[in-house]
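Below is one structure, written out as structure tokens, with a few remarks after it.
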Amino acid sequence: MRTLQCWRFTSILLVFTALCSGSFSLVQAAPPRRSPPAPKLPDLKSPADKKLFLELIRNSFSAVKKSRTLNFDSEDLDQDLERNIAKGTSTPFAPIADDETFIRRASLDATGTVPSREQIKAFVASEDPRKRAKLIDELLESDAYARKWARYWTSVIFYDSNANNNMVNRQALENYLFEEFKNGTSWDRIVGELISASPQRVKDKKPQDNGWNQDYGPNNFILACENKPEVIASNTARIFMGLSIGCAECHDHPFDNWKREQFHEMAAFFAPGRYYMTDQDDPSQKSVVDAKFLLGETPPPTLKPDQRRVAGAAYLIY
């Protein structure tokens with residue numbers, strides 16, 4: 443695990459450095475010097491700049507390049523299941539579901555809807571040997587699939603949210619996710635955009651009148667977290683990493699290895715400036731905490747708030 447952490451940190455840091463040194467299209471190349479200047483990132487304030495920068499990082503990894511040439515079909519999956527699940531057990535796999543059961547299960551799982559009587563009859567009557575694969579493709583390309591999972595992830599993000607309703611726009615988030623799922627956008631790209639968002643208060647607008655730019659869908663993950671670094675850190679770990687670290691905000695986790703300092707290092711990625719951790723024994727005392735990802739990666743200390751958020755997103759998804 444430690445080797446993996448070091449590799450991830452080194453890889454992303456090298457990409458950051460390479461991009462900062464002039465290959466990123468928004469930065470003007472410095473004139474040649476005897477001593478090279480310190481790497482300088484663009485401000486990364488706009489969503490477009492953040493997406494472009496994360497895409498450059500994404501495309502720099504050999505695993506991403508390799509995945510474009512790999513083919514993995516249902517037969518490969520069947521063989522892998524046989525090899526890794528059925529091995530060493532006398533319990534056989536369940537029999538293959540009949541056509542009526544398959545179309546019903548697939549439709550419910552993918553779209554949350556039951557197929558019509560006509561659809562069932564046509565599917566059962568079809569003699570196409572690839573009809574099940576084609577059905578899955580049709581379901582995944584349907585608006586019903588995109589809408590179901592957009593609603594699901596919106597409900598996950600807003601679960602237990604204490605955000606003021608005037609500051610958020612659930613429908614805008616759902617509509618954004620719907621369009622991304624419909625267009626086949628990869629999950630890493632969606633998560634990167636959600637985490638790196640940095641909605642700002644619009645001074646001349648009331649909160650309910652798009653005063654937090656909540657009509658821009660991706661802003662609503664951060665706004666659902668009330669734009670609070672601690673809440674963003676806790677929900678980022680819970681939703682996108684499957685980790686419960688909320689207990690560590692106040693004390694070391696009682697059932698896991700997460701330390702209080704680790705929680706606040708994660709929260710520091712989302713602070714609007716310097717991040718301070720309150721002393722556990724004396725609440726009147728605070729200490730500066732630098733950003734550090736849960737797996738150990740540490741961004742350059744000179745990063746600005748928007749740059750730190752992009753770094754946190756990169757550490758999470760790549």
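Counting in the working numbering, the sequence shown runs from 443 upward without gaps. For each residue, glycine too, the CB sits at the ideal point set by N, CA and C.
Asked                                                                                                                                               : Found
Which residue or residues does DSSP assign as beta-bridge partners of Tyr718?                                                                       : Val730
Return the Cβ separation of Ile637 and Ala490 in integer angstroms, given the expectation that the two are a contact with Cβ distance under 8 Å.    : Wrong, their Cβ atoms sit about 16 Å apart, outside the cutoff.
With a 10 Å radius around its C-beta and 16 neighbouring C-beta atoms as the bar for buried, classify Gly715 as buried or exposed.                  : exposed
Suppose only complete runs of 4+ residues qualify. What are the alpha helix (DSSP H) ranges in the region 522-584, listed by chain order?           : 541-553, 559-567, 573-582
What do you get for Gln470, buried or exposed, if any count of 16 or more other CB atoms within 10 angstroms of its CB means buried?                : Unreliable placement is indicated for Gln470, whose pLDDT of 46 sits below 50; no coordinate value is reported for it.
Pairs of beta-carbons, one from the region 602-618 and one from the region 725-738, closer than 8 Å: are there three or more?                       : no
Under the three-state reduction of DSSP, which class applies to Cys689: helix, strand or coil?                                                      : helix
Under the assumption that His693 contacts Ile687 (Cβ atoms under 8 Å), give the Cβ distance between them as a whole number of angstroms.            : About 12 Å; that fails the 8 Å criterion.
Does Asn604 come out as helix, strand or coil in the three-state DSSP assignment?                                                                   : coil
Could you check whether Pro671 and Asn655 sit closer than 8 Å to each other, using their CB atoms as the reference points?                          : no
Measuring CB atoms only, is the region 618-626 touching the region 583-596, in the sense that at least three cross pairs come out at less than 8 Å? : yes
For Glu560, which of Pro571, Phe705, Asp570, Arg546 has the nearest alpha-carbon?                                                                   : Arg546
Is the beta carbon of Phe565 closer than 8 Å to that of Asp541?                                                                                     : yes
Looking at Leu615: is its Cβ nearer than 8 Å to the Cβ of Ile599?                                                                                   : yes
Asn662: buried (16+ other C-beta within 10 angstroms of its C-beta) or exposed?                                                                     : buried
Quick check on this structure: which residue in Gly659, Thr740, Lys648, Ser676 has the alpha carbon closest to the alpha carbon of Ile632?          : Gly659
How do the region 702-718 and the region 664-680 stand: do at least 3 beta-carbon pairs fall below 8 Å, yes or no?                                  : yes
Am I right that Arg574 and Phe544 are in contact with their C-beta atoms under 8 Å? What's the rounded C-beta distance?                             : 6 Å
Residues in its own chain within less than 6 Å of Tyr757 by CB, not counting five upstream and five downstream?                                     : Phe735, Glu739
Helix, strand or coil, according to DSSP, for Tyr760 in the structure here?                                                                         : coil
Do you know how far the Cα of Lys746 is from the Cα of Phe682?                                                                                      : 24 Å
Ends of the alpha helix (DSSP H) at Gln650?                                                                                                         : Gln650 -> no alpha helix (DSSP H), and no H or E assigned at all.
According to DSSP, simplified to helix, strand and coil, what is Gln642?                                                                            : coil
Could you check if Ala472 is buried or exposed, using at least 16 other CB atoms within 10 Å of its CB as the buried criterion?                     : Note on Ala472: pLDDT 49, under 50, position unreliable in the model; the coordinate value appears next. Classification for Ala472: exposed.
Which residue comes first and which comes last in the alpha helix (DSSP H) that contains Phe503?                                                    : Element bounds for Phe503: n/a, residue is neither H nor E.
Roughly how many angstroms separate the alpha carbons of Leu517 and Leu523, rounded to a whole number?                                              : It is Glu, not Leu, that sits at residue 517 in the sequence shown. Looking at the two C-alpha atoms, the distance is approximately 10 Å.
Can you tell me whether Lys647 is buried or exposed? The criterion is at least 16 other CB atoms within 10 Å of its CB, across all chains shown.    : exposed
DSSP on Phe705, reduced to helix/strand/coil?                                                                                                       : helix
For Glu707, count neighbouring Cβ atoms within 10 angstroms of its own Cβ and tell me buried if that reaches 16, exposed if not.                    : buried
Using three-state DSSP, classify Pro671 as helix, strand or coil.                                                                                   : helix
Under 8 Å between the Cβ atoms of Pro557 and Ser549?                                                                                                : yes
Could you give the first and the last residue of the continuous alpha helix (DSSP H) run that contains Lys624?                                      : 612-624
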